[in-house]
Amino acid sequence: GRALGIEGFIEDITERKRTQDALRRSEERFAQAFRSSPAAMLLAKIEVAGNRIIDANEAFERVSGYRRKEIIGRTGKELGLFADPREYGEFMKQFRGGGRIRGFEFHFRRKSGEIGTGLISAESMELDGEPWMIGATIDITEQKAAEQDRRQSERQYRSLFNSMQEG
83 GRALGIEGFI EDITERKRTQ DALRRSEERF AQAFRSSPAA MLLAKIEVAG NRIIDANEAF
143 ERVSGYRRKE IIGRTGKELG LFADPREYGE FMKQFRGGGR IRGFEFHFRR KSGEIGTGLI
203 SAESMELDGE PWMIGATIDI TEQKAAEQDR RQSERQYRSL FNSMQEG
């Protein structure tokens, strides 16, 4: 009834543990950058019916007026985030054509119904064999209004200058 020996094996998992730790740190850095970005950011799963929103950062909440919990699981189409369906169609056409898009200007609808202007850049990626999109939008509404005011002032100045020279 006495044991005569022990049999077993030892596997060195040092490298696997290092890889797992590096991956965990990388995921933490991505999450921190996503949450703290000044650009309005969305993470969405690409589906036939639309891009289903999985996560959004605080800047997105501030720009859109939506709370994160109101948009998770919904599509941008359902929410009417693109104010002009033609712009959405063009955005998706370009995005699907190359898997990425940079600096696409579009009009977005805030929760309040107010229309803003944004510059969106998006990148496709694959997670667990599924297509995903990460997008970052900069709200340029105020910049566009300032440009329009400047152009209007220039037109008024030219008109005044021309009328003074004629008179």
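For what it's worth, my numbering labels the leading residue of the sequence shown as 83, then goes sequentially. Positions of the beta carbon are idealized from the N, C-alpha and C atoms, including for glycine. Since this is a predicted model, take the numbers as computed values, not measurements.
Could you compute how far the alpha carbon of residue i sits from the alpha carbon of residue j?
i    : j    : result
Q176 : G217 : 14 angstroms
K127 : W214 : 4 angstroms
S108 : A141 : 22 angstroms
E208 : G181 : 11 angstroms
N133 : L163 : 11 angstroms
G171 : E143 : 24 angstroms
V145 : S194 : 11 angstroms
T96  : K159 : 47 angstroms
S119 : E93  : 42 angstroms
R84  : K99  : 37 angstroms
G87  : F116 : 55 angstroms
Q234 : S241 : 11 angstroms
E110 : Q102 : 12 angstroms
L161 : A131 : 13 angstroms
Under a Cβ-count criterion, where at least 16 other Cβ atoms within 10 Å of its own Cβ denotes burial, should residue i be classed as buried or exposed?
i    : result
M246 : exposed
L124 : buried
F173 : buried
A113 : exposed
G155 : exposed
A138 : buried
Y239 : exposed
I197 : exposed
A122 : buried
Starting from residue i, trace the alpha helix (DSSP H) both ways and give me its first and last residue.
i    : result
I153 : 150 to 153
V119 : The identity of residue 119 in the sequence shown is Ser, whereas the question assumes Val. No alpha helix (DSSP H) holds S119; DSSP gives it neither H nor E.
If you check the beta carbons only, do residue i and residue j fall under 8 angstroms apart?
i    : j    : result
D166 : H189 : yes
S206 : G185 : no
I135 : T157 : yes
E212 : T199 : no
T223 : L201 : no
Along the chain, which unbroken stretches of the alpha helix (DSSP H) at least 4 residues long are found entirely within the region 93 to 140? 96 to 118
3-residue-minimum beta strand (DSSP E) runs that sit fully inside the region 162 to 233, ordered along the chain: 182 to 191, 197 to 209, 212 to 221
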